[in-house]
Amino acid sequence: MSALAIEIPYWGQSLLRVLGGLVAVLLPAGTIVYVFLFKMMSFMQSRLGPMEAGPYGSLQLVAEVGKWLQKEDIVPTNADRRIFRMAPIVVLVSTFLLVAVVPFGPDAWFTDFETGIFYALAVSSVSVLGILMAGWASANKYSLLGGLRAAGQLIAYELPMVLAVVGVVIQAGTMNLQQIVVAQNSGSIFGFDGLGNPYVLTQFVGFLVFMVAMQAELSQAPFDMPIAESELVSGYMTEYSGFRFLIFFIGEFATAGVFAMIASTLFLGGWGLPFAWFGWDSVDSVANWMNVAGPVIVVTKMMAVTFLVMWVRFSSPRLREDQLQRFAWKVLIPLSLANIMVTAVFKVVA
Amino acid sequence: MSEFLRSFLTVAWFGLAAVLVAGLLLWVASVVRPVRPSGEKLLTYESGVDPVGEGWSQSHVRYYIFALLFVVFDVEAVFIFPWATRLEVYGLFGLVEMGVFVFVLLLGLVYAWRKRVLRWV
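So the sequences go chain by chain: G and V.
Our numbering puts the first residue of the first sequence at 24, with every later residue one more than the last.
Our numbering puts the first residue of the second sequence at 30, with every later residue one more than the last.
Encoded structure:
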């Protein structure tokens, strides 16, 4: 907080950060649900989607929350009550822990871990604990199968995701997300620095693997076997209703948003504009207005990445469970290992 | 307190904020929503049919072998990350060393593949 003219005490900073984190979780979730889930899906299926609540159905979300608010909170008699109630909260906590590493500007960050991306990969798997808890505690066959499938899917796709990130870490030489952003925006491609060096250009294979693994970790179609509504009746969410279901729902789309933010931080240059435009050379020389422009840039890139995720989701059929594991182990993992070695060779030789 | 520990404290605040938000949502809902439990309503859902047996049925955890493989490769990732950040310093030496390491692990994957454990049985 050095670039700001005023000195904010620690408790004030923490409060600002938590409020910022709340916005960074809830705003993308709402926007993604309205723009993509309500409107884009409808247009892709040649229908209008919600049109009644507000202009172009823009208040549909408020109506939905109102509907959920009136629903009874049903806990089945056979369920393991305490764990059943805790599960949605664990999923939401995982999302909040994940958003804590995303940098939004030169001084607008929540945490500045040296091992930021490693932390992100670690806490992203906490959500599957919540899902397993929900699946187990529901005492329902659909839920149990859904929870087990979710865990199997996470195991298969966590690895390609981790290995895809290694390519970026090799190029940037750091695991700190802030420094990865700086490295991309102050970089140059064959001496041309007008674009910076967004790693999507050099790490194209890594980006592709990361996006596929992200699709699977978020269990969006074609990787939505854990919630497969036609065979498992929404899997681990079968027994949930009312606001507990809403929390799962928020968690799902907020995590999609946060993962998209992390993807754009790693591969698309994050909050930065190419530093050459303004003659900046390090994070300290970046102008103060980037603290305001940064979040807008991050959200723009997040929407672009989420658009890709949702596009694939709405236009592809569900894979089978065995195809899912085979694809991860026989295609994605060898591919990302090859990507690591090629990147390393270029880094050392060039 | 050091900047490093403060970052972890921020993480703790974020976790707490998540619990508070969820708690607030559920509290608001509990004030507004109706509560009319009945035996049928609280039955386990099984597509409208009376549930057969209990929900905690025995099922085959099919990804058991995959989980073992996952542990191997995840530990590998722990080794690769520090190497990746210092590659410029290690140079050719580091490259060859990691090449050998990844090759040995790939052999493991190929072995599992040949042994046909990479199938969903």
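Where a beta carbon is used, it is the ideal one built from N, C-alpha and C, also for glycine.
query                                                                                                                        : result
CA-to-CA distance, G/A110 to G/A157, given in whole angstroms                                                                : 5 Å
Proximity of G/V328 and G/S287 at Cβ, strictly below 8 Å                                                                     : yes
Presumed contact (8 Å Cβ cut-off) between V/F122 and G/L182, rounded CB distance                                             : About 26 Å; that fails the 8 Å criterion.
Beta-carbon proximity list for G/F59, same chain, < 8 Å, skipping 5 on both sides                                            : T329, F330, M333
Where V/E83 meets chain G, residues with beta-carbon distance less than 8 Å                                                  : N101, A162
DSSP three-state assignment for G/F133, whether helix, strand or coil                                                        : coil
Cross-chain neighbours of G/W34 in chain V, by beta carbon under 7 Å                                                         : Within chain V, no residue comes near G/W34; the closest Cβ sits about 10 Å away, beyond 7 Å.
Residue-chain proximity (G/R105, chain V), Cβ-Cβ < 8 Å                                                                       : no
Beta-carbon neighbours of V/D103, restricted to chain G and to distances below 8 Å                                           : E181, L182, V185
CB contact check: V/K70 to chain G, cutoff 8 Å                                                                               : yes
Interface residues of chain V facing G/D247 [CB-CB closer than 8 Å]                                                          : Residues of chain V passing the Cβ test: none, with the nearest at roughly 17 Å.
Short-range partners of chain V found in the stretch 80-99 of chain G, where Cβ spacing is below 7 Å                         : L92, Q93, K94, E95, D96, I97, P99
In DSSP terms, what G/I212 is bridged to                                                                                     : G/F215
Beta carbon proximity, G/G280 to chain V, threshold 8 Å                                                                      : no
Exposure of V/E83, with buried meaning 16 or more beta-carbon neighbours within 10 Å                                         : exposed
Cβ pair V/V48, G/V116 closer than 8 Å                                                                                        : yes
Length of the line joining the Cα atoms of G/L347 and V/Y93                                                                  : 15 Å
Where V/W142 falls: helix, strand or coil (DSSP)                                                                             : helix
Near-chain V residues of the stretch 135-151 of chain G - C-beta to any C-beta below 9 Å                                     : D135, F136, E137, T138, I140, F141, Y142, L144, V146
Burial state of G/S25, where buried means 16 or more other Cβ atoms lie within 10 Å                                          : With a pLDDT of 46 at G/S25, under the threshold of 50, the predicted position of this residue should be treated as unreliable, though the coordinate-derived value follows. Counting Cβ neighbours within 10 Å, G/S25 comes out exposed, since fewer than 16 surround it.
Ordered list of alpha helix (DSSP H) runs contained in the stretch 206-293 of chain G, each at least 4 residues              : 222-225, 227-240, 252-255, 265-290
CA nearest to the CA of G/I97, picked from G/L342, G/E262, G/L291                                                            : G/E262
Alpha-carbon spacing of G/S338 relative to G/W34, whole angstroms                                                            : 47 Å
N-terminal and C-terminal residue of the alpha helix (DSSP H) that V/R91 is part of                                          : Taken as a continuous stretch (DSSP letters only), V/R91 belongs to no alpha helix (DSSP H), as it is neither H nor E.
Inter-residue spacing [alpha-carbon to alpha-carbon] between G/G153 and G/G210                                               : 40 Å
Chain-ordered chain G contacts of V/S86 [CB-CB under 9 Å]                                                                    : K164, L167
Rounded separation between G/S69 and G/Y79 - CA only                                                                         : 15 Å
Beta-carbon contacts of G/F276 that lie in its chain and below 6 Å, excluding the five residues immediately before and after : A52, I55, V56
Interface positions of the stretch 281-298 of chain G facing chain V (Cβ-Cβ less than 7 Å), listed along the chain           : none
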